[in-house]
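*Asks:*
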Amino acid sequence: MNSTAPTGQKSRGGGTPWHAHHIVERYGLLVIITLGEGLVGTTASVRAYTEHSGWDSRAFLLVLAGVSITGALWWFYFSLDVVASIKSSRPRAFAWGYLHIFVFATLAATGAALENVALLFEGESHLSAAQTLVVVCSTVMFFYLIAFSLYQLVVRMNLGLYWLNLLVTGLLMTLAVALTRSTDQLAWTLLLVMVAAWVPVVGTARLRAI
2 MNSTAPTGQK SRGGGTPWHA HHIVERYGLL VIITLGEGLV GTTASVRAYT
52 EHSGWDSRAF LLVLAGVSIT GALWWFYFSL DVVASIKSSR PRAFAWGYLH
102 IFVFATLAAT GAALENVALL FEGESHLSAA QTLVVVCSTV MFFYLIAFSL
152 YQLVVRMNLG LYWLNLLVTG LLMTLAVALT RSTDQLAWTL LLVMVAAWVP
202 VVGTARLRAI
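The sequence shown begins at 2 in the numbering used here and counts up one residue at a time.
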């Protein structure tokens, strides 16, 4: 009912009053809440790991990975300015709003993927090191692909150079998975994934500065 009410009201009497800045702000708050769930999951997994093995290099790496990757996703999302575009087109605003369900899903999945890393370090995971890293990389890449596709859908601009950033991210993550598969060690290749997660953030900022 909640999901169909806006479109139903629009067809009946011209739509409900709305403000583009308020809409973007509300969705941004929901994104922060979802990212917070990922940090809570990371904290819980680190606590479980340290109770099992104490504070070692892997525990610190898990904290660093969780905070850094989450920070990259947060930075990237809030660097995408869509206010003007959704203000000028209500259909774009509806598309932007409804399709956010996939943004929330990938953010929550990223938190769960980081918990799998802790399970692997504890020796309680049924996945190999490479499979665990594939899960982490997949959730992060799906977020970037969905968030950026949604952005391009709304702003209707030629963003070809921006997509190159995502290509570089994908290549770095593929390299990280390949290295993990050959060594069966996740601790240091996770650092490469962290670097890859920041490529779209840095690349987008540099392209906007040109």
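Note that beta-carbon positions come from the ideal geometry of N, C-alpha and C, so glycine has one too. Just so you know, these numbers come straight off a predicted model, no measurement behind them.
#1: State buried or exposed for S80, treating a residue as buried only when at least 16 other CB atoms are found within 10 Å of its CB.
#2: Quick one: grab the DSSP three-state call for A197.
#3: Please report the residue range of the alpha helix (DSSP H) in which W75 lies.
#4: Where A49 and L63 are concerned, what is the direct C-alpha to C-alpha distance, given to the nearest angstrom?
#5: Rounded C-beta distance between L121 and L128? I'm assuming under 8 angstroms.
#6: Would you tell me roughly how many angstroms separate the C-alpha atoms of M195 and R59, rounded to the nearest one?
#7: Do the stretch 154-173 and the stretch 182-189 make contact, defined as three or more Cβ pairs closer than 8 angstroms?
#8: Which residue's Cα is closest to the Cα of L134: L168, L146, F149 and W189?
#9: Could you round the C-beta distance between V104 and V25 to whole angstroms and report it? I think they count as a contact, below 8 angstroms.
#10: Buried or exposed for A197, going by 16 or more other Cβ atoms inside 10 Å?
#11: Return the CA-CA distance between C99 and L151, expressed in angstroms with no decimal places.
#12: Shortest alpha-carbon distance to V41 belongs to which of A113, A96, S90 and R27?
#13: Please decide whether A45 counts as near chain C, where near means a Cβ-Cβ distance under 8 angstroms.
#14: Tell me the residue span of the alpha helix (DSSP H) that contains W164.
#15: Would you identify the three-state DSSP class for E116, choosing helix, strand or coil?
*Replies:* Looking at the atomic coordinates:
#1: Your numbering for residue 80 matches position 79 in the sequence shown. Answer is exposed; the Cβ neighbour count stays below 16.
#2: To locate residue 197, count along the sequence shown from 1; it is residue 196. In the structure shown, A197 sits in a helix (DSSP, three-state: H, G or I).
#3: Looking up residue 75 in the sequence shown gives position 74. Where W75 is concerned, the enclosing alpha helix (DSSP H) stretches over S58 to F79.
#4: In the sequence shown, counting from the first residue as 1, residue 49 sits at position 48. In the sequence shown, counting from the first residue as 1, residue 63 sits at position 62. Roughly 12 angstroms separates the two Cα atoms.
#5: As a working note, residue 121 is residue 120 in the sequence shown. As a working note, residue 128 is residue 127 in the sequence shown. Indeed they touch by this definition, with Cβ atoms about 7 angstroms apart.
#6: For the purposes of this step, residue 195 is taken as the residue at position 194 of the sequence shown. For the purposes of this step, residue 59 is taken as the residue at position 58 of the sequence shown. In a straight line, the C-alpha of M195 is about 14 angstroms away from that of R59.
#7: no
#8: Taking the sequence shown and counting its residues from 1, one reaches residue 134 at position 133. For the residues L168, L146, F149 and W189, the minimum Cα distance to L134 belongs to W189.
#9: Position 103 of the sequence shown holds residue 104. Position 24 of the sequence shown holds residue 25. V104 to V25, Cβ: 13 angstroms. No contact.
#10: On the sequence shown, residue 197 is found 196 positions in, with the first residue counted as 1. By the 10 Å Cβ count, A197 comes out buried.
#11: In the sequence shown, residue 99 corresponds to position 98, counting from 1. In the sequence shown, residue 151 corresponds to position 150, counting from 1. Correcting the residue identity first, residue 99 is Tyr in this sequence and not Cys. When rounded, the distance between both Cα atoms is 10 angstroms.
#12: Numbered from its first residue, the sequence shown carries residue 41 at position 40. That would be A113, whose Cα lies nearest to the Cα of V41.
#13: The structure shown contains no chain C, having only a single protein chain.
#14: Locating residue 164 in the sequence shown gives position 163, where the first residue counts as 1. Note, W164: alpha helix (DSSP H), G161 to T184.
#15: Along the sequence shown, one-based indexing puts residue 116 at 115. Three-state DSSP puts E116 in a helix.
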